[in-house]
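Step one of this worksheet: look at the structure below.
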Amino acid sequence: MKILAALIRRDLTLAWRQGGGVGTAAGFFLTVVVLLPLGIGPDQVLLQRIAPGALWIALLLSVLLSADSIYQTDFEDGSLELMTMGPAPLEMVVLAKAFAHWLAAGLPLAILAPMLGFLLNLAPELVLPLTVAMVIGSVSLSLLASLGAAVIVGLRRGGVLVSLLILPLYVPVLIFGVSASRGALAGPDIFAPSLLILLAISLVALVSVPVASAAAIRAYLK
Amino acid sequence: MQKFANPTRFLRLQSAIQPWVVAATIVLFAAGLYSGLVMAPPDYQQGETVRIMFVHVPAAWLALMIYSIMALSSAVAIVFRHPLADLAAKTAAPIGAAFTFLALATGSLWGKPMWGAWWVWDAGLTSMFVLFLLYLGYIAVWQAIEDPARGALIARIVALVGFINIPIIKFSVDWWNSLHQPASVFRIDGPAIHSSILIPLLIMATAYTMLFLALHLSAMRAEINARKLRQMELAHVGSS
Amino acid sequence: MELTGRNLACERGGRQVFAALNFTVAAGHALILRGPNGAGKTSLLRMIAGLIEPAEGEFVLQGGHQDLEPGQQAHLVAHQEALKPALTVEENLQFWAGFLGGGDIERALEALNLTALAGFSAGLLSAGQKRRLALARLALVPRAIWLLDEPSVGLDAASQVKLQALVHTHLEKGGIVVAATHTELGIRDAATLDFSELAA
Amino acid sequence: MSFAAEHIGFVIASYALSAIVIAGLIAGHILRAHQVERRLKRLEDAGAPRRRKATEVPNEQ
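Chains as they are written, first to last, in my numbering: chain A, 8 to 229; chain B, 25 to 264; chain C, 44 to 243; chain D, 760 to 820.
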């Protein structure tokens, strides 16, 4: 465990010092939010209706965008190779890195998004359920994004490919995330199950992503 | 290598005028706040909320002015290859971003009593929002590129491209706004402003500008020192 | 402790790099890999490190931790230095010490004469200094097998002496060194494996 | 200015927010300036080569 703690601490220090990762993701999130009314029109009522969905889409795009650098630098400077030779299994290393990315980017974005809801005239009573749903959802968003990062780590122009591969996997998170964000409006029979399913998706991702990512990384190290 | 033509001359100039600039800023703020909050009459329509204008409009003007300064110094850096010009643009960006944020926040606070919503996508605020994103982009460029020399080259281009697009964005947002909302009740320049409002506004605008000058000059000194530090560290590392 | 490679064959990108390669390295001994570029020296090192699976053949490690792969008991110092420019020299070593399960940072810094640079960010280092920092990992965490891919590249004379001292103490303590190098590492009675003879 | 006016809260809020952001800017700049100067001084005290001959390496082997 101490081994993974060293990795997480290092990744967080790097994220903090370079600052670029989270900053650009937040900037990207803001951009998506500003494009919506410019495209759809400033009509408050319309914006309010699409606000939860729009915030979720902006969130998952930002998380995906901020994830492509998780393994890139480590792959290029040879750290990734040495990590496979370390005492900790690669699956755990991958999990630690995904966790570090979630702490540095996934979670902050999931907390920031509802706070920016007022830009889209988000109904105040939706802010809390949206935050809860997004925090739970961000776990699987970060995990799946890290899987995408692992799959394209050796490729030079992997950016578009990773969106094509990972965005479809985001569909369930989006659907249940938005329905959970309706919160009280949607009534208890929709709110609770959606949250539970969201949690289930995160747990499934928690188990499957490290194995898949480790396999992908090993393929590139060959 | 990033050579400094005459940082010493700039540093001497800066330390000479810095106290005066700070003094002027304080005096202007005092005068501006006093005239704005005490002397100026409340607006017959908006009542006291019109006083928000004294913090909103200067911030908005400064947001635009600082980006223009960044674009100008980037152009100077390209034409005259003057490394200090790059520093001027780099240090101005965070200050500009802060004022743009202030313009957005005070604009939203000013709009709330009138429109009932914390945020309305009206022409002025929307273009200001996009300007804020231009600032974030510019700052992100400096952070993303480790080598300062290369960072400077890219940042110049980003600043100029951004600057050229500001009028285009402004025009298209205004047109977009007129498409959806007949006439926006709230206009920044609004009807002819009565002198009792105009004077405090101008004082506050000058106060904001002096504040920017004070911050910018001291930020440049810090940046020059930071570059010197980096070179000394390189030299120190190189020799051991 | 003895590392043996039996009937090893390696394929990369569909091309057979080498085949029917055998070697043995006993504790306290070094194996120098010679041969032209692209002959497979690096591939063999990466194969021992467990990064590449041999197309044929296998490794046998007598002694050492039976439950660990050879790669898990080895240090690999390749062309890439695995350093983070944003972290300081000390922080880089602190990470590797933490990740590889404990290590003595002061000793590693001293071993490659990097103590003076501990507080500086790795991005400021010259190529030679970065190479020394990568080699400092060898002294950081004790591991039986050292896999060195042209370790002396970019090192000045003083650092080469330090490297040789490091390698000698490792061998005296019963360690194994497998090194691909064009320059003379000054290791007494080291066996040599010349890849040019292995006409694949 | 009368404090009893309608929506006075928004006026106060916008002035308070402006004060906070401006104070933050000033503090940030002073902090950064001091930090850089402190590291610069520490490096100079540690005998940066600027004053000494570059060949004299801090710790001779």
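No residue lacks a Cβ here, since even glycine has one placed at the ideal position from N, Cα and C. Computed from a prediction, not measured in an experiment: that's the story for all the values here.
- Comparing alpha carbon positions, the residue from B:S92, B:A47, B:F53 and B:Q42 closest to I781 of chain D is B:F53.
- Closer than 7 Å at the C-beta level to chain B, one finds these residues of the segment 787–799 of chain D: H788, R791, A792, V795, E796, R798 and L799.
- A straight line joining the alpha-carbon of E54 of chain C with that of V134 of chain A spans about 57 Å.
- A234 of chain C sits in a strand when the DSSP states are folded into three classes.
- Following the DSSP letters along the chain, one finds A259 of chain B in no beta strand (DSSP E) but inside the alpha helix (DSSP H) bounded by residues S219 to S263.
- Contact with chain B is found for L167 of chain C, since one of that chain's Cβ atoms lies less than 9 Å from the residue's Cβ.
- Counting the other CB atoms within 10 Å of its CB gives S761 of chain D a total below 16, which places it among the exposed residues.
- Shown here, A73 of chain C sits in a strand according to DSSP, grouped into three states.
- Exposed is the label assigned to S169 of chain C, since fewer than 16 other Cβ atoms lie within 10 Å of its Cβ.
- The three-state secondary structure of I219 of chain C, taken from DSSP, is strand.
- Residues of chain D whose Cβ lies closer than 8 Å to the Cβ of W134 of chain B are, in chain order, F769 and S773.
- If you look at E83 of chain A, you'll find it in the alpha helix (DSSP H) that goes Q79 to E83.
- Residue contact check for I10 of chain A against chain C: a CB pair falls below 9 Å.
- When secondary structure is reduced to three states using DSSP, F102 of chain C falls in the strand class.
- In this structure, the straight-line span from the alpha carbon of R56 of chain A to that of G184 of chain A is close to 15 Å.
- Exposure of T212 of chain C is indicated by the presence of fewer than 16 other C-beta atoms within 10 angstroms of its C-beta.
- In summary, no residue of the segment 108–119 of chain A has a CB separated from any CB of chain C by less than 9 Å.
- Residue environment: M122 of chain A is assigned as exposed (fewer than 16 neighbouring CB atoms within 10 Å of its CB, all protein chains considered).
- In the DSSP secondary-structure assignment, H118 of chain C is bridged to C:W189.
- Contact annotation: A219 of chain A and L116 of chain A have beta-carbon atoms that are not nearer than 9 Å.
- In this structure, the beta-carbon distance from V216 of chain A to L148 of chain A does not fall below 9 Å.
- V68 of chain C is bridged by DSSP to C:L46.
- DSSP places D18 of chain A in the uninterrupted alpha helix (DSSP H) bounded by K9 to Q25.
- A buried status is given to T85 of chain C, since no fewer than 16 other beta-carbon atoms sit within 10 Å of its beta-carbon.
- By the C-beta density criterion, M141 of chain A is buried, having at least 16 other C-beta atoms within 10 angstroms.
- Taken through DSSP and simplified to helix, strand or coil, Q123 of chain C comes out as coil.
- Rounded to the nearest whole angstrom, the C-alpha separation of T138 of chain A and A120 of chain A is 8 Å.
- Under the three-state reduction of DSSP, E765 of chain D is assigned to coil, being neither helix nor strand.
- Using a 10 angstroms sphere on the CB of T32 of chain B, the tally of other CB atoms stays under 16, which defines it as exposed.
- Within the segment 11–36 of chain A, Q25, G26, G27, G30, T31, A33 and G34 place their CB atoms closer than 9 Å to a CB of chain B, listed in sequence order.
- Annotated three-state conformation of A52 of chain C is strand, per DSSP.
- Secondary structure within the segment 25–106 of chain B: not one fully enclosed beta strand (DSSP E) run of 3 or more consecutive residues is present.
- With 16 or more other Cβ atoms from the protein chains shown falling within 10 Å of its own Cβ, N201 of chain B counts as buried.
- Taking 9 Å as the CB threshold, F163 of chain C lines the interface with chain B.
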